[in-house]
Amino acid sequence: MFDTLYARVKTLAQSRHAEASLAAVAFAESSFFPIPPDVLLAPMALAHPGKAWRFALVATLASVLGGVLGYAIGAALYDTLGQWLVNLYGYGAKMDALKATYAEWGWLVILVKGLTPIPFKLVTVTSGLLGYNFPLFVALSVLTRGARFFLVAGALNWFGDPVRDAMERNFAAVLAAFVAVTAAGFVIAVKVF
């Protein structure tokens, strides 16, 4: 099963639709989708190390555009879609505390949470809901998402061969670690955010 999944991800990463798929996942993850774009960025950067920086740029731009959608969901659709997302991730009862945190530390929340496995959609929807300064939100999103994706692309570009070999030998373990990190991000988000 894992070999088949790895083969599919690897095939997609090497296809002519790879960048469009990466952009779609990065866009969706910043507003409503639970799977981070790293799942495509990593195999794409490993398959084409010379394009790793381009892939990071695609992921960054699409993620920021998706973040703008998340902001709009929080600002304009909170009573319907935004509230559903906030409750889905367990933040319904924490909104007052979150408003106070954003009033003082919103810039830091955006920067830190954009780099971590904590779902970025929570930051984008909350920023819109709380009416955080939109130009500053976009600038901080570019900075934090760019840092994350360029760090991933750079690490895979520099250490590509050992990482590729480890993924091919132990894809089940790599996938399990990725799922564990993503799950930990959701748990941390519920406890800390």
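Per the working numbering, the sequence shown starts with residue 129, numbered consecutively. Glycine included, every Cβ here is placed at the ideal spot set by N, Cα and C.
Q. According to the neighbour-count rule (16 or more other Cβ atoms, all chains shown, within 10 Å of its Cβ), is L257 buried or exposed?
A. buried
Q: For S191, collect the residues of the same chain with a Cβ closer than 8 Å to its Cβ; drop the 5 residues on either side in sequence, then sort them by chain order.
A: A154, F155, E157, S158, P165, F248, S269, R273 and F277
Q. According to the Cβ coordinates, are A281 and F183 closer than 7 Å?
A. yes
(Q) Using only CA atoms, which one of N285, M172 and I163 lies nearest to A146? (A) M172
Q) What do you get for G198, buried or exposed, if any count of 16 or more other CB atoms within 10 angstroms of its CB means buried? A) buried
Q: Please report the residue range of the alpha helix (DSSP H) in which T229 lies.
A: M223 to L243
Q: Indicate whether L150 and A187 have their beta-carbon atoms separated by less than 7 Å.
A: Closer than 7 Å, so yes.
Q: Would you kindly report the start and end of the unbroken alpha helix (DSSP H) that includes I201?
A: Its alpha helix (DSSP H) spans residues A180 to A204.
Q) Going straight from the alpha carbon of L140 to that of A148, what length do you get? A) 10 Å
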